[in-house]
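*Asks:* Provided herewith is a single structure, encoded as structure tokens, for subsequent inquiry.
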Amino acid sequence: DGGITQSPKYLFRKEGQNVTLSCEQNLNHDAMYWYRQDPGQGLRLIYYSQIVNDFQKGDIAEGYSVSREKKESFPLTVTSAQKNPTAFYLCASSAGPNSPLHFGNGTRLTVT
Amino acid sequence: GQQVMQIPQYQHVQEGEDFTTYCNSSTTLSNIQWYKQRPGGHPVFLIQLVKSGEVKKQKRLTFQFGEAKKNSSLHITATQTTDVGTYFCAGPQGSARQLTFGSGTQLTVLP
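These protein sequences, in sequence, are chains A and B.
Counting in this note's numbering, the first sequence runs from 21 upward without gaps.
Counting in this note's numbering, the second sequence runs from 751 upward without gaps.
Structure below.
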């Protein structure tokens, strides 16, 4: 059963700590994305990767970092430099440009 | 800057009433996609429109892409409680042509 797996579903961290969110896909998609969603708002692009070992900054990349060492995996690190890290984080993949996005179930991060 | 605007932000309807959400882009789009996010869930792809003036139907849902490829609409006929959720439009924008999402329309259907 193909899909995207994000873990954990809920994550709690203290301010000043880095935290890494996991995203794994078995859809054999080349492109992967990280979006941030705040309450009552749309999705904002953090980082994206169109191919292994390459990634690009999205609209709100400051305070985040990613890696793409394997086609299946695209972890996101929320660093202590991110001023407002509490949000719902969504990972997605697609077969390529202009193709529909397949989303994971999301990780809800709370930083106190 | 380049953006995708969506209205209304919220819509409450009585079950059985119709519903429409509108999407406007500051730039011409090569295509537009629509997604639905149920409360507590993740966005799920509904449809993609590519051609100018295109109209597509999925049961009670009708999607339109404007002639100038800068606006789109989603119309739901005779809403049901299962239609509850937030509907997003998204189109490729910017130099990298990555999907930019509208802010969404949150639909509440009252039984």
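All C-beta atoms in this analysis are idealised placements derived from N, C-alpha and C, irrespective of residue type, glycine included.
Because the structure is a prediction, the values reported are computed rather than measured.
Would you verify that the beta carbon of B:Gln761 is, or is not, closer than 8 Å to some beta carbon of chain A?
*Replies:* The residue you call residue 761 of chain B lines up with position 11 of the second sequence. For B:Gln761, the answer is no, since every Cβ of chain A falls outside 8 Å of its Cβ.
*Asks:* Does the Cβ of B:Leu860 have 16 or more other Cβ atoms within 10 Å, making it buried, or fewer, making it exposed?
*Replies:* Counting from 1 along the second sequence, the entry for residue 860 of chain B is found at position 110. Burial call: exposed.
*Asks:* Taking C-beta pairs closer than 8 Å, name the residues in chain A that B:Ser775 reaches, listed in chain order.
*Replies:* Residue numbering aside, residue 775 of chain B sits at position 25 when the second sequence is read from its first letter. Result: empty, since nearest Cβ-Cβ is about 13 Å, beyond 8 Å.
*Asks:* Which chain A residues are close to B:Gly854, counting only those with a beta carbon under 9 Å from its beta carbon?
*Replies:* Here residue 854 of chain B refers to the residue found at position 104 when the second sequence is read from its first residue. Neighbours of B:Gly854 on chain A, chain order: Gly60, Gln61, Gly62 and Leu63.
*Asks:* Please decide whether A:Leu41 counts as near chain B, where near means a Cβ-Cβ distance under 8 Å.
*Replies:* Position 21 of the first sequence, counted from the start, is the residue given in the question as residue 41 of chain A. Answer no: the Cβ-Cβ gap between A:Leu41 and chain B never drops below 8 Å.
*Asks:* Please check if any C-beta of chain A sits within less than 8 Å of the C-beta of B:Arg788.
*Replies:* Stepping through the second sequence from its first residue, residue 788 of chain B is reached at position 38. It does not: the Cβ of B:Arg788 has no partner Cβ on chain A nearer than 8 Å.
*Asks:* Which residue's Cα is closest to the Cα of A:Thr132: A:Asn118, A:Gln102 and A:Ala115?
*Replies:* The residue you call residue 132 of chain A lines up with position 112 of the first sequence. Cα-wise, what sits closest to A:Thr132 is A:Gln102.
*Asks:* At least one CB of chain A closer than 8 Å to the CB of B:Phe815: is that the case?
*Replies:* Numbered from its first residue, the second sequence carries residue 815 of chain B at position 65. No, B:Phe815 does not count as interfacial toward chain A.
*Asks:* Which residues in the same chain as B:Phe851 place their Cβ atom closer than 7 Å to its Cβ, once the five residues preceding and following it in sequence are excluded?
*Replies:* As a first step, residue 851 of chain B is located in the second sequence; it is residue number 101 there, counting from the start. Excluding residues within five positions, the ones whose Cβ falls inside 7 Å are Val754, Phe838 and Ala840.
*Asks:* Given 8 Å as the limit, is there contact between the region 764-779 of chain B and the region 817-824 of chain B, that is, 3 or more CB pairs closer than that?
*Replies:* yes
*Asks:* Below 8 Å between beta carbons: does that hold for A:Gln45 and A:Met52?
*Replies:* The count along the first sequence starts at 1 and reaches residue 45 of chain A at position 25. The count along the first sequence starts at 1 and reaches residue 52 of chain A at position 32. In contact: A:Gln45 and A:Met52 (Cβ atoms closer than 8 Å).
*Asks:* Thinking C-beta only, is A:Asn125 closer than 8 Å to B:Asn781?
*Replies:* For the purposes of this step, residue 781 of chain B is identified with residue 31 of the second sequence, where counting begins at 1. For the purposes of this step, residue 125 of chain A is identified with residue 105 of the first sequence, where counting begins at 1. No, they are not a contact pair.
*Asks:* Using the Cα positions of A:Lys77 and A:Tyr67, report the straight-line distance between them to the nearest angstrom.
*Replies:* In the first sequence, counting from the first residue as 1, residue 77 of chain A sits at position 57. In the first sequence, counting from the first residue as 1, residue 67 of chain A sits at position 47. Distance between the alpha carbons of A:Lys77 and A:Tyr67: 5 Å.
*Asks:* Restricting to Cα atoms, I'd like to know which of B:Ile757, B:Glu767 and B:Gly791 is closest to B:Thr827.
*Replies:* The residue labelled residue 827 of chain B in the question sits at position 77 within the second sequence. That would be B:Glu767, whose Cα lies nearest to the Cα of B:Thr827.
*Asks:* Less than 8 Å between the beta carbons of A:Leu96 and A:Gln57, yes or no?
*Replies:* Residue numbering aside, residue 96 of chain A sits at position 76 when the first sequence is read from its first letter. Residue numbering aside, residue 57 of chain A sits at position 37 when the first sequence is read from its first letter. Contact flag unset, no.
*Asks:* Nearest to B:Lys807 by CA position, among B:Trp784, B:Gln848 and B:Val794, is which residue?
*Replies:* Within the second sequence, the letter at position 57 stands for residue 807 of chain B. Comparing Cα-Cα distances from B:Lys807 to each of B:Trp784, B:Gln848 and B:Val794, the minimum goes to B:Trp784.
*Asks:* For B:Asp833, count neighbouring Cβ atoms within 10 angstroms of its own Cβ and tell me buried if that reaches 16, exposed if not.
*Replies:* Here residue 833 of chain B refers to the residue found at position 83 when the second sequence is read from its first residue. Result: buried.
*Asks:* Have a look at the DSSP bridge pairing and note the partners of A:Phe75.
*Replies:* Numbered from 1 along the first sequence, position 55 holds the residue referred to as residue 75 of chain A. Answer by DSSP bridge pairing: none, since A:Phe75 is not bridged.
*Asks:* B:Gln830 to B:Glu765, Cα distance in whole Å?
*Replies:* Taking the first residue of the second sequence as position 1, residue 830 of chain B is located at position 80. Taking the first residue of the second sequence as position 1, residue 765 of chain B is located at position 15. In a straight line, the C-alpha of B:Gln830 is about 5 Å away from that of B:Glu765.
*Asks:* Report all residues from its chain with a CB closer than 6 Å to the CB of B:Tyr760; omit the five preceding and five following residues, and keep chain order.
*Replies:* Against the second sequence, residue 760 of chain B aligns to sequence position 10. These residues qualify, in order along the chain: Gln856.
*Asks:* Check whether the Cβ of A:Tyr68 lies closer than 8 Å to any Cβ atom in chain B.
*Replies:* In the first sequence, counting from the first residue as 1, residue 68 of chain A sits at position 48. Yes - at least one Cβ of chain B is within 8 Å of the one on A:Tyr68.
*Asks:* Where do the ends of the beta strand (DSSP E) carrying A:Leu121 lie?
*Replies:* For the purposes of this step, residue 121 of chain A is identified with residue 101 of the first sequence, where counting begins at 1. Unbroken run through A:Leu121: none, as it is neither H nor E.
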